[in-house]
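Undergrad: Residues in the sequence shown are numbered from 190 upward in steps of one, following the numbering used here.
Glycine residues also receive a C-beta, built at the ideal position from the N, C-alpha and C atoms.
Please find one structure pasted underneath; my questions will follow.
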Amino acid sequence: MTIIVAHPSHAKIDWWIEQLTPLLPGWTLRSIHDPGAPEDVTYAVVWKPATGTFLPFPNLKAIVSLGAGIDHVLADTQLPRQVPIIRTVGTDLTQRMREYVALHVLRHHREMPAISAHQREKRWQQLIVPPATRRTVGIMGLGNLGGAAATTLAALGFETLGWSRTPRELAGVTTYAGQAGFDDFLGRCEILVCLLPLTEATTGLLNAELFAKLPEGASLINAGRGPHLVEQDLLAALASGRLNHATLDVFNVEPLPEAHPFWTHPNVTVTPHIASLIDAPTGSRIVAANIARFEETGHVEDLADAARGY
Ligand code: NDP
Ligand code: OXD
Numbered sequence: 190m191t192i193i194v195a196h197p198s199h200a201k202i203d204w205w206i207e208q209l210t211p212l213l214p215g216w217t218l219r220s221i222h223d224p225g226a227p228e229d230v231t232y233a234v235v236w237k238p239a240t241g242t243f244l245p246f247p248n249l250k251a252i253v254s255l256g257a258g259i260d261h262v263l264a265d266t267q268l269p270r271q272v273p274i275i276r277t278v279g280t281d282l283t284q285r286m287r288e289y290v291a292l293h294v295l296r297h298h299r300e301m302p303a304i305s306a307h308q309r310e311k312r313w314q315q316l317i318v319p320p321a322t323r324r325t326v327g328i329m330g331l332g333n334l335g336g337a338a339a340t341t342l343a344a345l346g347f348e349t350l351g352w353s354r355t356p357r358e359l360a361g362v363t364t365y366a367g368q369a370g371f372d373d374f375l376g377r378c379e380i381l382v383c384l385l386p387l388t389e390a391t392t393g394l395l396n397a398e399l400f401a402k403l404p405e406g407a408s409l410i411n412a413g414r415g416p417h418l419v420e421q422d423l424l425a426a427l428a429s430g431r432l433n434h435a436t437l438d439v440f441n442v443e444p445l446p447e448a449h450p451f452w453t454h455p456n457v458t459v460t461p462h463i464a465s466l467i468d469a470p471t472g473s474r475i476v477a478a479n480i481a482r483f484e485e486t487g488h489v490e491d492l493a494d495a496a497r498g499y
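Here's what the structure looks like:
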């Protein structure tokens, strides 16, 4: 009855072991760097596991992703594909993402980047923007996070659109699905929010071709994953005025390297992958409850579909 914890940071491994141990009586929590007898290991709790992490453990019942995304687990080319993957999600994560999306959509909508620039120039310029009811915002991805963000924006009065892989219905949100609805959706999005999972189909989706389909001067918010975005295409779209501003929370390389042009670009807002970081005590309670439930019933609500990629 051993649970191993794998994380790029040794300090984080110790921390998770300390948090989870009292919540999982009867279990032994160990570091991936000192796993004990491999055949005793039945669960792995992981963030960005190294390639081959799971190979030594023949009796793994489930892998727990310390996050909503499972792309960091699927990136392991030696992953035992038959082992179920449990996502860590919950109302805490959803609430934080609602706040992040509302904050940045309102900021774009009310032209705060321009108003802040005016303040630096001591310039009194009254920009008049339309009310939210005449501003159209589109959310790519209508899952746990995208769905919650969309209904929050609709409640604020925005004309809210959503796009997903399969058809979804959400109160107050006009929804589109799949390739068939994509261009119509994009053509209306003055502010586009990406909350997609990273899969083969969504990698590089935020590119020049997509930007060309948005209304001139649209803004982008990417809180999905860095590789959704083709960075050079964004820089070109900002330079030409095709896009007005981008708020980016996730990047190809994290932490964002010091020399990266996004840090100092006047039309880019950088946040350090904090759109929705689950708080530690809540996260450990969710992980522990999911392991206990899976052990008892062989099922949990937050099972990912590895074949689908999310
Ligand atoms: P879910 O799995 O609940 O939802 C994913 C949504 O994306 C679904 O609506 C799905 O469609 C849609 N989707 C998937 N593939 C496609 C596609 N090819 N075309 C159109 N739509 C697609 O995920 P969550 O909402 O929980 O999380 C989304 C992502 O947010 C995570 O994978 C992670 O990358 C990111 N994230 C970022 C955080 C941050 O702090 N920046 C924090 C947490 C997560 P359908 O409904 O048809 O299945
Ligand atoms: C997640 C994340 O996937 O924090 O939960 O990005």
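Ala496 to Ala239, Cα distance in whole Å?
TA: Numbered from its first residue, the sequence shown carries residue 496 at position 307. Numbered from its first residue, the sequence shown carries residue 239 at position 50. So the alpha carbons of these two residues sit roughly 20 Å apart.
Undergrad: Figure out for me which residue from Trp452, Ala397 and Ala306 has the closest Cα to the Cα of Glu405.
TA: Translated into the one-based positions of the sequence shown, residue 405 becomes position 216. Comparing Cα-Cα distances from Glu405 to each of Trp452, Ala397 and Ala306, the minimum goes to Ala397.
Undergrad: Given this structure, state the Cα-to-Cα distance separating Ala435 from Val442, to the nearest angstrom.
TA: Sequence index remark: in the sequence shown, residue 435 carries index 246 (1-based). Sequence index remark: in the sequence shown, residue 442 carries index 253 (1-based). About 17 Å.
Undergrad: Quick one: give me the first and last residue of the alpha helix (DSSP H) that Gly430 is part of.
TA: As a working mapping, residue 430 is identified with position 241 in the sequence shown. Careful: Gly430 lies outside any alpha helix (DSSP H) and carries neither H nor E.
Undergrad: Just to confirm before moving on: does the CB-CB distance between Val294 and Ile463 stay below 8 Å?
TA: The count along the sequence shown starts at 1 and reaches residue 294 at position 105. The count along the sequence shown starts at 1 and reaches residue 463 at position 274. Contact flag unset, no.
Undergrad: With Val278 and Asn333 assumed to form a contact (beta carbons below 8 Å), what rounded beta-carbon distance in angstroms separates them?
TA: Translated into positions along the sequence shown, residue 278 becomes position 89. Translated into positions along the sequence shown, residue 333 becomes position 144. So it is a contact: roughly 5 Å between Cβ atoms.
Undergrad: At 3 residues or longer, what runs of the beta strand (DSSP E) sit wholly inside the segment 251-290?
TA: The segment 251-290 contains these whole beta strand (DSSP E) runs: 251-254.
Undergrad: Tell me the DSSP bridge mates of Trp411?
TA: Here residue 411 refers to the residue found at position 222 when the sequence shown is read from its first residue. Note that residue 411 is Asn in the sequence shown, not Trp. DSSP, once it has assigned bridges, lists Cys383 and Leu437 as partnering Asn411.
Undergrad: Does the segment 213-233 touch the segment 192-204, meaning 3 or more C-beta pairs lie closer than 8 Å?
TA: With a cut-off of 8 Å, the segment 213-233 and the segment 192-204 count as touching, because enough Cβ pairs lie within range.
Undergrad: Does ligand 1 have a heavy atom nearer than 7 Å to the CB of His462?
TA: As a working note, residue 462 is residue 273 in the sequence shown. Because some heavy atom of ligand 1 lies under 7 Å away, the Cβ of His462 counts as near it: yes.
Undergrad: As a quick exercise: from Asp260, Ala264 and Pro247, pick the residue whose alpha carbon is nearest that of Val272.
TA: Start at 1 with the first residue of the sequence shown, and residue 272 comes out as number 83. Considering only alpha carbons, the answer is Pro247.
Undergrad: Report the start-end ranges of each alpha helix (DSSP H) in the segment 291-367 that is 4 residues or longer and not cut off at the edges.
TA: Taking 4 residues as the minimum length, the alpha helix (DSSP H) runs contained wholly in the segment 291-367 are 301-309 and 333-344, in order along the chain.
Undergrad: Pop quiz: Gly256 and Thr388 are said to be a contact at Cβ under 8 Å. What is the actual Cβ separation, rounded to whole angstroms?
TA: On the sequence shown, position 67 is the one that residue 256 refers to. On the sequence shown, position 199 is the one that residue 388 refers to. At roughly 15 Å, the Cβ-Cβ gap does not stay under 8 Å, so Gly256 and Thr388 are not in contact.
Undergrad: Any heavy atom of ligand 2 closer than 7 Å to the CB of Gly430?
TA: Walking along the sequence shown from the start, residue 430 turns up at place 241. Set against 7 Å, the gap from the CB of Gly430 to the closest heavy atom of ligand 2 is not smaller.
Undergrad: Please state whether the Cβ-Cβ distance between Phe400 and Asp422 is less than 8 Å.
TA: Position 211 of the sequence shown, counted from the start, is the residue given in the question as residue 400. Position 233 of the sequence shown, counted from the start, is the residue given in the question as residue 422. Going by C-beta atoms, Phe400 is nearer than 8 Å to Asp422.
Undergrad: Residue range of the beta strand (DSSP E) that Thr486 falls in?
TA: In the sequence shown, the residue the question calls residue 486 occupies position 297. No beta strand (DSSP E) holds Thr486; the alpha helix (DSSP H) holding it covers Ala469 to Thr486.
Undergrad: Collect the residues with a C-beta less than 5 Å away from any heavy atom of ligand 2 and give them in sequence order along the chain.
TA: In chain order, the residues positioned with their C-beta nearer than 5 Å to some heavy atom of ligand 2 are Gly256, Ala257 and Gly258.
Undergrad: Kindly indicate the opening and closing residues of the beta strand (DSSP E) around Ile192.
TA: Looking up residue 192 in the sequence shown gives position 3. Taken as a continuous stretch (DSSP letters only), the beta strand (DSSP E) holding Ile192 covers Thr191 to Ala195.
Undergrad: If you count every other CB in all the chains shown that lies within 10 Å of the CB of Thr280, and 16 or more means buried, which is it?
TA: Residue numbering aside, residue 280 sits at position 91 when the sequence shown is read from its first letter. Taking every protein chain shown into account, the CB of Thr280 has fewer than 16 other CB atoms within 10 angstroms, so this residue is exposed.
Undergrad: Just to confirm my understanding: we take Ser254, look at its own chain, exclude 5 residues before and 5 after, and list those with CB closer than 8 Å. What are they?
TA: The residue you call residue 254 lines up with position 65 of the sequence shown. Answer for Ser254: Val235, Trp236, His261, Val262, Ile274, Ile275, Arg276, Thr277 and Ala493, listed in chain order.
Undergrad: Once DSSP output is grouped into helix, strand and coil, what is the label at Arg377?
TA: Along the sequence shown, one-based indexing puts residue 377 at 188. It is helical.
Undergrad: Please confirm if the segment 475-492 is in contact with the segment 414-433, defined as three or more CB-CB distances below 8 Å between the two stretches.
TA: They do not touch, by the three-pair rule.
Undergrad: Enumerate in chain order the residues of its own chain whose CB-to-CB distance from Val439 is below 7 Å, with the five nearest sequence positions on each side excluded.
TA: As a position in the sequence shown, residue 439 is number 250, starting the count at 1. In its chain, beyond the 5 residues on either side, Asn411, Ala412, Gly413, Arg414, Gly415 and His462 have a beta carbon closer than 7 Å to the beta carbon of Val439.
Undergrad: Looking at Arg377 and Gly367, is the spacing between their C-beta atoms short of 8 Å?
TA: The sequence position of residue 367 within the sequence shown is 178, counting from 1. The sequence position of residue 377 within the sequence shown is 188, counting from 1. No, they are not a contact pair.
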